[in-house]
Structures are given as C-alpha cells and as structure tokens.
Amino acid sequence: MFKLILRNTLRHRLRTTLTILGMAIAILSFGLLRTVVDAWYAGVEGAAADRLVTRNAISLIFRLPLAYLNKIQTIDGIKKVTYGFWFGGVYIDEKNFFPQFAVELPTYLDIYSEFVVDPEQRQVLVKERNACVAGRKLAQRFGWKLGDIITLKGTIFPGDWELVLRAIYDGVEETTDETRFFFHWDYVNETMKKNFPTVANQVGWFISQVEDIERAPLIAAQIDATFANSLAETLTESEKAFQMGFVSMTKAIIMAIQVVSYVVIAIILIVLANTMAMTARERQEEHAVLKTLGFQGRHLVTLIAGESVAIAFLGGLAGIIAIFPAAHFFRTALGNYFRIFNVSDETLAICLLIALVVGVVAAIFPAWRAARVPIAEGLRRIG
Amino acid sequence: MAPESTPPILVEINNLTKSYRRGVQIIKVLENVCLNIPEGEFLALMGPSGSGKTTLLNLIAGIDQPDSGLLRIAGVDISLLSESELAVWRHRNVGFIFQFYNLVPVLTALENVELPLLLSELPRVRRRQQAELALKLVGIYDRKDHYPRQLSGGQQQRVAIARAIVSDPVIIAADEPTGDLDKVSAGEVLQLMTRLNQELGKTIIMVTHDPRAAERASRLQHLDKGVLNACTV
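Taken in order, these protein sequences are the chains called A and B.
Each residue of the first sequence is one higher than the one before, starting from 97 at the first, in my numbering.
Each residue of the second sequence is one higher than the one before, starting from 423 at the first, in my numbering.
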C-alpha cells in the first residue's frame, strides 16, 4: 500500500513538483510571518517579571525628576533601582539606526543580568565618563572594536557626542537582544547642566528590581501613590506591560500579518484540495478496478489521503528547510527593524503540523467521493 | 457403467431485475432473468449493446446490486450482503478480467498481480511466490518487471488474467476480454481462458460481442433488452 501511495505521488511529476513547491512557499511564508510577529513580541518575551518600569503618567515623552530616585529606593520590597532615557542619536547616517540609551550604567548592568559584560571591561566602562557598551551583534554590524570612538549626533540632545567603546556585552540567551547601545547618563546630564540647565537632572524612566515578584503589583501601586498629586505623577507597571504598550500601538499591523499568514495557508489548502480532487477524478476507473478486486472505501481513503499527506509533508519540509536561509536574509537585511529574528521551535512545529493538517483536510472530499462512487459508475460501462 | 454426475449449481439466478435511474427516467436493464450456472462451466453472454449483459455480469461478480430477485452464488445470497461484506466476498470468490485490462500503470506486472493479495493475510514472500506462479501459468513470467506501458495489449491481458486467478477465485468474470485485441492475441487469450476452464476447472462467465470468442464457451446465452433467451452451444 505504501509503495502504491509513493508511486501515485510520483505519477504526475510536474504536477506533484509544482504542488510541493506551492506548499513549500506557503509554509515558508507562514513561518516567516510568524517569526515577524515573534520578533515584534521579542521585547515582551524578554521582559523580566521582577522589573518594574516607572514613567511619567502623562506620556513617555515627559521626563521625571531624578530626585524621585531616593524616594523609590526607600519603598519596602525594592532591591535596586536604575534609571535612564532614550537618547535617539544618529550614527553617521539615519539608516544606521540602533537603540541607544543613556543609563546609570553600574546599576543598570546589575539589574539587567542578561547582558553579560567581561569584568575587566566593566571596570573600565564604569570608570570612564564617556565610555559606552554595545551588544555583540551591534558591534559586529559596524565592525567596532574595543577602544573605537563612536560619535553620535544628538537629535533630542543637541551636539556631537563622542563615546569610547569600552565593553561589548553578550546575551545570556540566544534570544537576548544584542543590538543595544548604552553609555553614562551622567555624561549627558553634565552637558545638559551646562548648556540646558532646565532639562538637567531628569530621567525618562526608573527601573526597579523587586525582591518578591508576588508583591510587584503592590509595590507599583505604592510608587505611584508616593508621587500622586505631584507635578510629575508616575505610572508604574511591569516591564512586560511596558513593552506590551509599544506592541499594542502596532496591534493592527500584527493582526494583518497574522490574517495574511492564515490566508496563505487557506490558499494552499484549496490548491492541494483541487489537485487531489483532480487526481481522484482521473483515477476514478482505477479506483473502481481496485474495488472490484476487493479493496474497500477505507483503502481508497488511505491511498488518496496518503498521497495528499505525502505531498503536503514534502512541501512542508521543503518550506521549513527554506525558512532558515530566508530568516538569515531577513536578519541581515532588516536587522535595524528586527533586532531578534529567530525562528522558534514552536514555529517549526506549527509549520509541520499545518502541513500535515492541510494534507489531511485536502484529501477529505476527494477521498470521501472516491469511497462512495459505485463500482459500475466508476467503470463507466453499462452493457 | 456409472451415470455421469451433474456438477452442482454454482450460480443461481431467479427473477433478477435491475434498473438504473437517469435523471427522472428509470431504465430497466434486466427483467426477470433466470439462469443457473453449474460449477466448472464456461458461459458466454452475448447480445447487442445495451442488452444488459455487462450489468448481469456485474451482478454475478458482486460489483452491483440487483433491485429484486434471487442471486445466490456458492450458496450465498449476495444480494443480502452489505457493501463491505460484498468487497470481502469479491476478493475471495471473483476474478475479474476487463476489456481494457485496467492494470495499474505505476506498478509492474508482478506488482499488479500481487495487488489482490495485499488484502489477504499472506506474508510478503508468499504473496510474491503466488503472483509469480500466476504469471508463469499465463506464460508471461519473463515480463514480470515490466510496466503495463512496456507490454503489448495481449501481454497486458495475460497479466490481467494472472491478476484475476492469483487469489484462486471460484468464478472468473470476463467483460469482453478480447474486445481490444488483435486476432492473434485474442486467440491466445481465449486459449488461455479455455485452459483455465478445462485444466483448472474454473467457472468462467464471459461477456462478448465476438462469435469466435463465444465458440470457446461450453454454453452461450443471449440477452436482448434485458431478457435472457436460452441457447445451448
């Protein structure tokens, strides 16, 4: 039976090849679109449960006074607090975009333990006021080496900012973002004090590490209560919720991507179902002969479904194999937009599962019909 | 001198009726057909197109069901069997030979002959041996690894005959087995069928338009407009 399924699959080589190709492209598209969505959520997935983000309650673009730091630190249950802001400078050209943050480096690196810095490099990094640290992928992207001078043109903070690369961090996991760039908040603040004193001593956000995750919501409420009715009221939420806020701004796009990915699967399902229906129709007489020999409806269902699943599986497998070079291309070409573009095991498993389901579903109608056609009708002869 | 024993009746047909529906029209194909076929007989069914001979053959072979009447084969009223029971019954009792051979094009001659045995409990080696034996019996063993497209019409029909006899059926139903063959090949196929009947004692029911083919049969029955007229060869 297996041999017959295999031979039937190869009977119309061109048709089978084209269907497998179509299936492969559909699965490749689905896998890539799913990976795009995953990449979108990468920040959310990378968020730690023990970190709370405190920002201005009105909007993220409004800052908070540094003076809040001491008050936050005294709240019971908080282990460590760091702070910083989004710098948003331009490196040589705008197309060279990468996320830049001016942060309180020692505490920041303590709280963000997923960014691993060599102890010797860290020592120098912390000591030098214009030192900076870049992720491994970012350094590779621009060919930076330790000691290189990186000049950023400020867009929010005017001027040219010369920074010396003193450390390169590695992600603790494969999915850790290695494209970030950090330098001393103090370095920016000192300049602000001199040139724009009204915006000095301000931060974009505080990040608090809590001792007990269970108490995090309570602590968040406590922080906000501390600054209630002040000039800059705060909004404190978990890091995940904070990241989710960014993602939800683009929810419609994500939804559209997800819909497109399922539409692609629906199309290939129809294509394969049509192929199988055509195949079954062509073999109607052959199926009648098999029935004459004693084969039953279930045997024909096995033959047709087996062929359909074989085509879908081969197409799915080809699509899955193609996902890796395609994802690599995306990572290289769109690295600015998708800092993490890894094809997850879950995506691969779903792709394979979808291929198999498509194979089975596509065979249902042709197999049902083949099983039901009376032998005499199948032989098309009435004496 | 002992009296010659009469072979038992293998196929017993009484008042068999069959009609088909085409749209709103009901076409009566067989009407009150009565026929007994003894075991080991070679029966030829003749008649003009549309006379119902293939329908009668299909009913006897269990690939169609009658509307009414008795259709008993080897003591089993096959009109009472369900579709799946009938499939099992066909596999065990009937070998079918088609006009256009109807071999599976993606299987070799040997694999085509082995096909009905896939439904049996036989192990693979035993199946192969049996299929090879059937091919030897019809004299086409040397072409066992050829695909149907690599064989002539006569050779393909021999393979089809081997497929029909491989599971040692009680009845061989042949629907115009020489209809698509040249004179020489047709003669060879008919000779083979005669051998199966005479040497192996197979009961053969053959539908044919060819009077020369019918001459090989031990009995000839004419059908006209669904009614059977008895005529002994």
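Note that beta-carbon positions come from the ideal geometry of N, C-alpha and C, so glycine has one too.
* Taking Cβ-Cβ distances below 9 Å as the criterion, which residues of the stretch 380-399 of chain A are in contact with chain B? -> 381, 382, 384, 385, 386, 387, 388, 389, 390, 391, 392, 393, 394, 395
* Asked: From residue 243(A) to residue 220(A), what distance separates their C-alpha atoms?
  -> Cα to Cα, residue 243(A) sits roughly 11 Å from residue 220(A).
* Rounded Cβ spacing between residue 131(A) and residue 330(A) (contact assumed at less than 8 Å) -> Contact doesn't hold; Cβ gap of about 36 Å is too wide.
* Asked: Distance, Cα to Cα, residue 552(B) vs residue 622(B)?
  -> 16 Å
* Asked: Apart from the five residues on each side of it in sequence, which residues of its chain come closer than 6 Å, Cβ to Cβ, to residue 475(B)?
  -> 467, 469, 629, 645
* Cβ neighbour criterion (16 or more within 10 Å) applied to residue 378(A) -> With fewer than 16 Cβ atoms within 10 Å of its Cβ, residue 378(A) is classed as exposed.
* Three or more C-beta pairs closer than 8 Å, one from the stretch 477-489 of chain B and one from the stretch 547-564 of chain B: is that the case here? -> no
* Verify the CB distance criterion: does residue 410(A) have a CB-CB separation below 8 Å to chain B? => Interface flag for residue 410(A) against chain B is unset, since no Cβ pair is found closer than 8 Å.
* Option in 576(B), 506(B), 562(B) with minimal Cα separation from residue 520(B) -> 576(B)
* Asked: Can you name, in chain order, every residue of its own chain whose Cβ lies under 6 Å from the Cβ of residue 227(A), other than the five neighbours on each side?
  -> 221, 260, 262
* Where does residue 240(A) sit, in a helix, a strand or coil, going by DSSP? -> When DSSP states are grouped into helix, strand and coil, residue 240(A) belongs to the coil group.
* List the residues that DSSP assigns as beta-bridge partners of residue 115(A). => According to DSSP, residue 115(A) bridges with nothing at all.
* Would a C-beta distance cut-off of 8 Å place residue 309(A) and residue 122(A) closer than the cut-off? -> no
* Report back the beta-carbon spacing between residue 388(A) and residue 136(A) to the nearest angstrom; my notes put them in contact at under 8 Å. => The pair is not a contact, with the Cβ atoms about 57 Å apart (cut-off 8 Å).
* To do: Check whether the Cβ of residue 480(B) lies closer than 8 Å to any Cβ atom in chain A.
  => yes
* Asked: Could you give the distance in angstroms between the alpha-carbon of residue 563(B) and the alpha-carbon of residue 438(A)?
  -> 58 Å
* Asked: Closer than 8 Å, CB to CB, is residue 100(A) near chain B or not?
  -> yes
* Which same chain residues, not among the five before or five after residue 288(A), have their C-beta less than 6 Å away from its C-beta? -> Annotation for residue 288(A): 295, 296 place their beta carbon closer than 6 Å to its own, counting only its chain and skipping 5 residues before and after.
* Using a cut-off of 9 Å between C-beta atoms, extract the partners of residue 337(A) located in chain B. => Against residue 337(A), chain B offers no close residue; the least beta-carbon distance is about 60 Å (beta-carbon pairs closer than 9 Å).
* Asked: How about residue 473(B) and residue 609(B): do their beta carbons lie closer than 8 Å?
  -> no
* **Continuous alpha helix (DSSP H) stretch holding residue 285(A): start and end** => 281-291
* When you compare only the Cα positions, how much space is there between residue 103(A) and residue 543(B)? -> 23 Å
* Using a beta-carbon distance below 8 Å, is residue 107(A) in contact with chain B? -> yes
* Between residue 180(A) and the rest of its own chain, which residues show a CB-CB distance below 6 Å, the 5 nearest in sequence each way excluded? -> 197, 198, 199, 281
* Could you spell out the range, first to last residue, of the alpha helix (DSSP H) harbouring residue 103(A)? => 98-105
* Since I believe residue 334(A) is in contact with residue 125(A) (beta carbons under 8 Å), could you give me their beta-carbon distance rounded to a whole number of angstroms? => No, residue 125(A) and residue 334(A) are not in contact; Cβ-Cβ is about 34 Å, not under 8 Å.
* Asked: Quick one: what does DSSP say residue 180(A) is sitting in, helix, strand or coil?
  -> strand
* Which stretch, first to last residue, makes up the beta strand (DSSP E) that contains residue 434(B)? -> It spans 431-444 - the beta strand (DSSP E) in which residue 434(B) sits, taken as one unbroken run.
* Asked: Can you tell me whether DSSP reads residue 641(B) as helix, strand or coil?
  -> strand
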